[in-house]
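Novice: Got a structure here, written out as structure tokens. Questions coming.
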Amino acid sequence: MASLDVVNEKNEKAGSIDLPAEIFEARVRPHLYHAEVLRQLASRRKGTHSTKNRAAVSGGGAKPYKQKGTGRARQGTTRAPQWAGGGVVFGPVPRGYSFKLPKKMRKAALTSALTQLAKDESIIVVDDLSSSEYKTKAMAGVLDALGLSGQKVLVVTDAANPMLEASLRNIPGVGLVRAEGLNVYDLLRHSKVVMTRGAVASLETRLVPGQSGVDSA
212 MASLDVVNEK NEKAGSIDLP AEIFEARVRP HLYHAEVLRQ LASRRKGTHS TKNRAAVSGG
272 GAKPYKQKGT GRARQGTTRA PQWAGGGVVF GPVPRGYSFK LPKKMRKAAL TSALTQLAKD
332 ESIIVVDDLS SSEYKTKAMA GVLDALGLSG QKVLVVTDAA NPMLEASLRN IPGVGLVRAE
392 GLNVYDLLRH SKVVMTRGAV ASLETRLVPG QSGVDSA
């Protein structure tokens, strides 16, 4: 179990925390990133694309002209695909793109991503992140103190904080997610991850069976 320094909003040491080995020292398996990101993106697709085939377009009930004597190719309906305004052949129809992955694969993908970030020293644990007012400037100052100004940063908290969310919303490249909703796609889209002490405890509760928190000092 690795130990990591905990800092405050001014980047001053405020203690240390033991990171669960099951989450931050797991086997790194990049192929699971691919599968999980595909699953996440596929589930976001609406699948509402639609075209009309020859059975759905209007008109064309009668034969357009007689079979013989016109010198033209024989035709039975104006709804055939070769006609302007005719039906589409093998066009897209509404469908769902979502698919499922086994829970163990999804969990392994998440722990793999967190482990890689930990190995790259891209995880910062802060004692707490709170915003008592809607101030983007204040939160930008916190990120600057942490040495993260201008970087793509994912902030992970253990509880909903509307003021914190509003304060971070207008900072380019910064995302916010609760520990219970942390996912591989968001982790891979950001180069640095800032977690609160409570978020680490929430992750252990979520990903390590029989655990309710982490030992910290």
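Okay, so the sequence shown: first residue is 212 according to this note's numbering, each after it adds one.
The C-beta atom is built at its ideal place from N, Cα and C for all residues, glycine as well.
Here the structure is a predicted model, which means the values were calculated and not measured.
Under 8 Å, do Ile234 and Val217 count as touching if we go by C-beta distance?
Specialist: Not closer than 8 Å, so no.
Novice: What does the Cβ neighbour count give for Thr322, buried or exposed, with the cut at 16 atoms within 10 Å?
Specialist: Looking at its Cβ environment, which holds 16 or more other Cβ atoms inside 10 Å, Thr322 is buried.
Novice: Run the CB neighbour count on Ala410, radius 10 Å, all protein chains shown included, and call it buried at 16 or more, exposed below.
Specialist: Classification for Ala410: buried.
Novice: Which residue wins for smallest C-alpha separation from Val300, given the options Ala390, Val268, Leu230, Gly307?
Specialist: Here the closest residue by C-alpha is Val268.
Novice: May I have the straight-line CA-CA distance separating Leu215 from Ala253, to the nearest angstrom?
Specialist: Computed Cα separation, rounded: 36 Å.
Novice: Would DSSP call Leu387 helix, strand or coil?
Specialist: Strand.
Novice: Between Pro231 and Ser261, is the Cβ-Cβ spacing less than 8 Å?
Specialist: It is not a contact, given that the beta carbons lie outside the stated cut-off.
Novice: Between the stretch 363-377 and the stretch 393-401, do three or more beta carbon pairs fall short of 8 Å?
Specialist: Contact holds: three or more Cβ-Cβ distances are below 8 Å.
Novice: In this structure, how does DSSP classify Ile382 when only helix, strand and coil are distinguished?
Specialist: Looking at Ile382 - three-state DSSP - the assignment turns out to be coil, as it is neither helix nor strand.
Novice: Using the three-state DSSP reduction, which class does Leu418 fall into: helix, strand or coil?
Specialist: Residue state, collapsed to three classes: helix.
Novice: What are the boundary residues of the beta strand (DSSP E) that includes Thr407?
Specialist: Thr407 -> beta strand (DSSP E) spans 403-407.
Novice: To the nearest angstrom, how far is it from the Cα of Gln293 to the Cα of Phe310?
Specialist: For Gln293 and Phe310, the distance between alpha carbons rounds to 36 Å.
Novice: Answer yes or no: does any C-beta atom of chain D fall closer than 8 Å to that of Gly392?
Specialist: Within the model displayed, chain D is absent; a lone protein chain is all it includes.
Novice: Under three-state DSSP, which class holds Val248?
Specialist: DSSP places Val248 in helix when its eight states are reduced to three.
Novice: CB Gly298 to CB Arg290, shorter than 8 Å?
Specialist: Yes. Within cutoff.
Novice: According to DSSP, which residues form a beta bridge with Leu365?
Specialist: In DSSP, Leu365 forms a bridge with Gly386, Val404.
Novice: On the DSSP letters alone, give me the boundaries of the beta strand (DSSP E) that Val299 sits inside.
Specialist: Here Val299 belongs to no beta strand (DSSP E), and DSSP marks it neither H nor E.
Novice: For a quick check, are the C-beta atoms of Ala246 and Leu328 less than 8 Å apart?
Specialist: For Ala246 and Leu328, no; Cβs fall outside 8 Å.
Novice: For the alpha helix (DSSP H) containing Ser323, list its first residue and its last residue.
Specialist: It spans 314-330 - the alpha helix (DSSP H) in which Ser323 sits, taken as one unbroken run.
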